[in-house]
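Each residue of the sequence shown is one higher than the one before, starting from 1 at the first, in the UniProt record's numbering. Every residue, glycine too, gets a C-beta built ideally from N, C-alpha and C.
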Amino acid sequence: MNNRQLFLRHLAQLSDAPLALEIVKASGMYMWDTEGKKIMDLIAGISVCNVGHSHPAVVQAIREQAEQYMHLLVYGEIIQTPQVAFATLLTEQLPASLNSVYFTNSGAEAVEGAMKLAKRYTGRTEIIAFEKSYHGSTQGAMSIMGDESWRNAYRPLLPDIQHLTYNTWEAIDRITERTACVVAETVQAEAGVYVPQKEWLQALRKKCSETGTLLVLDEIQCGLGRNGTLWAFEQSGIVPDILLLGKALGGGMPMGAFIADREIMWSLTNRPVLGHMTTFGGHPVMCAAGLAGLRVLLEQREELVDGAKAKGELFHRYLKHPAIKEIRSLGLMMAVEMESFEVNKKVIDRCIEKGVLTDWFLFAPQCLRIAPPLIINEEEIKQACDIILEAIDAVYNKASV
Ligand code: PLP
Numbered sequence: 001m002n003n004r005q006l007f008l009r010h011l012a013q014l015s016d017a018p019l020a021l022e023i024v025k026a027s028g029m030y031m032w033d034t035e036g037k038k039i040m041d042l043i044a045g046i047s048v049c050n051v052g053h054s055h056p057a058v059v060q061a062i063r064e065q066a067e068q069y070m071h072l073l074v075y076g077e078i079i080q081t082p083q084v085a086f087a088t089l090l091t092e093q094l095p096a097s098l099n100s101v102y103f104t105n106s107g108a109e110a111v112e113g114a115m116k117l118a119k120r121y122t123g124r125t126e127i128i129a130f131e132k133s134y135h136g137s138t139q140g141a142m143s144i145m146g147d148e149s150w151r152n153a154y155r156p157l158l159p160d161i162q163h164l165t166y167n168t169w170e171a172i173d174r175i176t177e178r179t180a181c182v183v184a185e186t187v188q189a190e191a192g193v194y195v196p197q198k199e200w201l202q203a204l205r206k207k208c209s210e211t212g213t214l215l216v217l218d219e220i221q222c223g224l225g226r227n228g229t230l231w232a233f234e235q236s237g238i239v240p241d242i243l244l245l246g247k248a249l250g251g252g253m254p255m256g257a258f259i260a261d262r263e264i265m266w267s268l269t270n271r272p273v274l275g276h277m278t279t280f281g282g283h284p285v286m287c288a289a290g291l292a293g294l295r296v297l298l299e300q301r302e303e304l305v306d307g308a309k310a311k312g313e314l315f316h317r318y319l320k321h322p323a324i325k326e327i328r329s330l331g332l333m334m335a336v337e338m339e340s341f342e343v344n345k346k347v348i349d350r351c352i353e354k355g356v357l358t359d360w361f362l363f364a365p366q367c368l369r370i371a372p373p374l375i376i377n378e379e380e381i382k383q384a385c386d387i388i389l390e391a392i393d394a395v396y397n398k399a400s401v
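Here it is in structure tokens:
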């Protein structure tokens, strides 16, 4: 049996039609398959590889830390230099109230931890979340996911969850003294890059403060430079009570984090102790990788973080086609809206055939995803756009034959 057959046979499958590309190497903007075909990664492993695939500084940090030590003990007991250094550098980049980091293994675990923390800190049970939001696939994170068709198969889920419409004033009115926390993506990613009004985020912040509700902002997908600033919340001049990070946080390795003020985080410490436990969260090799990735991002901030905005604008400039209904974006997270999922899927397939890997969105299947490593340059943007435009032409020409 070949690897494809073994993959289908021994790995749990999530759809009838996995991409099933067999990749043997990835570096920077590109992946290579078993035939030596070079594929440009236009989605960065879904917003993970912000500094590119296998960045040499990240690889070196992993190697050095693995030689020094790997797992020592469960989270929180031993002082591990890469953990301390990473938490310190991260909090130095954040407002003063986001000073205490809990490292997890994934984004969903960060969401779980934050929901527990909010309940424990406020003594309340109600959690408000939004339609078309995605926060992960574990049962707690899924309970706040904004789509009933996905949730329904797993009921009963967590009680006392309200799903409201994002970016609406009615939603603000529904936050009360009963609400433990509001969990919102600063930019709704899987909705097809839906950027809320600044005034709405500001009103959300204000209402949470008035009612003693914790504001949890999920920047697992949009954070760490992708949005054109280091943190998307900066653009609205607000600060969350709890910030959620993941995806790009580990520089290509699995990591998440929930970050809050020490005074809030303290709720996990006593009565009972060990309020949130993890064996591997904050693994030293992952922290070393994340630290190296963050250093790269900060050292090349102008090109990678500030540059994300200008690079996003280049995509807007080059992607002109009558079949494109709209392009929504913030920095280098973009949704190119096509007529339907059927058309979009054909365009995506054609792009992959031509050597550009792209995808659709969970709650916006008619939209083509653009979220490349932040290292992408103008020439690559032009190449990618040419291939997308050519794919759209091919799909429509075929359809009209
Ligand atoms: N939050 C957002 C906004 C996400 O996009 C994702 C994953 O796509 C998650 C949370 C969950 O992260 P993970 O897949 O690491 O559990």
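My output table needs one value for residue i: the three-state DSSP class, helix, strand or coil.
i: Gly36; result: coil
i: Met334; result: strand
i: Val305; result: helix
i: Ile381; result: helix
i: Cys181; result: strand
i: Glu219; result: coil
i: Phe280; result: coil
i: Tyr75; result: coil
i: Tyr194; result: strand
i: Arg295; result: helix
i: Leu319; result: coil
i: Gln188; result: strand
i: residue 404; result: Here the chain comprises residues numbered 1 to 401, so residue 404 is not present and cannot be evaluated.
i: Ile348; result: helix
i: Arg4; result: helix
i: Glu326; result: strand
What's the gap between the Cα of residue i and the Cα of residue j?
i: Gly293; j: Val51; result: 7 Å
i: Gly252; j: Ser27; result: 11 Å
i: Cys222; j: Ile352; result: 24 Å
i: Ala114; j: Ile43; result: 27 Å
i: Val273; j: Ile128; result: 27 Å
i: His71; j: Val59; result: 18 Å
i: Leu214; j: Phe361; result: 28 Å
i: Asn152; j: Pro196; result: 27 Å
i: Leu249; j: Val48; result: 8 Å
i: Lys207; j: Leu201; result: 10 Å
i: Ala108; j: Lys354; result: 33 Å
i: Thr33; j: Arg369; result: Rather than Thr, the amino acid found at residue 33 in this sequence is Asp. The straight-line gap from Cα to Cα measures roughly 21 Å.
i: Pro373; j: Trp266; result: 36 Å
i: Asp218; j: Met1; result: 42 Å
i: Arg328; j: Tyr69; result: 44 Å
i: Asp359; j: Glu112; result: 27 Å
i: Ile242; j: Tyr121; result: 12 Å
i: Val401; j: Ala391; result: Note that Val401 scores a pLDDT of 43, beneath 50, so its modelled location is shaky and nothing firm can be said.
i: Leu157; j: Lys398; result: 45 Å
i: Met40; j: Gln383; result: 10 Å
i: Leu117; j: Gly140; result: 13 Å
i: Leu297; j: Tyr194; result: 25 Å
i: Ala289; j: Leu90; result: 13 Å
i: Ile238; j: Ile175; result: 18 Å
i: Glu302; j: Leu98; result: 24 Å
i: Gly307; j: Ile220; result: 20 Å
i: Met145; j: Met31; result: 31 Å
i: Ser15; j: Leu8; result: 11 Å
i: Met255; j: Ser137; result: 15 Å
i: Ala335; j: Pro18; result: 21 Å
i: His10; j: Asn3; result: 10 Å
i: Thr211; j: Ile264; result: 16 Å
Which first and last residues belong to the alpha helix (DSSP H) in which residue i is found?
i: Thr88; result: Thr81 to Glu92
i: Thr211; result: Lys198 to Thr211
i: Ala171; result: Trp169 to Asp173
i: Gln162; result: Run containing Gln162: none in the alpha helix (DSSP H); it sits in the beta strand (DSSP E), Ile161 to Leu164.
i: residue 405; result: No information on residue 405 is available, as it lies outside the stretch 1 to 401 that the chain covers here.
i: Pro365; result: Not the alpha helix (DSSP H): Pro365 falls in the beta strand (DSSP E), residues Ala364 to Ile370.
i: Ser149; result: Glu148 to Arg151
i: Ser143; result: Gln139 to Ser143
Can you tell me where the beta strand (DSSP E) holding residue i begins and where it ends?
i: Glu126; result: Glu126 to Phe130
i: Asp359; result: Asp359 to Phe361
i: Tyr102; result: Ser100 to Thr104
With 7 Å as the threshold, decide whether the Cβ of residue i is near any Cβ in chain B.
i: Pro322; result: In the structure shown, chain B does not exist; there is a single protein chain.
Complete runs of the alpha helix (DSSP H) confined to the stretch 224-276 [at least 4 residues]: 262-265
Measuring CB atoms only, is the stretch 339-359 touching the stretch 259-269, in the sense that at least three cross pairs come out at less than 8 Å? The stretch 339-359 makes no contact with the stretch 259-269; the number of CB pairs closer than 8 Å stays below 3.
contact_flag[the stretch 276-287, the stretch 88-104] where n(CB pairs < 8 Å) is 3 or more: yes
Does the count of Cβ pairs from the stretch 78-85 and the stretch 311-318 closer than 8 Å reach three? no
If you pair each beta-carbon of the stretch 177-193 with each one of the stretch 119-128, do three or more pairs fall below 8 Å? Three or more beta-carbon pairs separated by less than 8 Å link the stretch 177-193 to the stretch 119-128, which places the two stretches in contact.
When the Cβ atoms of the stretch 131-138 are set against those of the stretch 155-174, are three or more pairs found closer than 8 Å? yes
Unbroken stretches of the beta strand (DSSP E), 3 residues or longer, contained in the stretch 10-59: 23-27, 30-33 and 38-41
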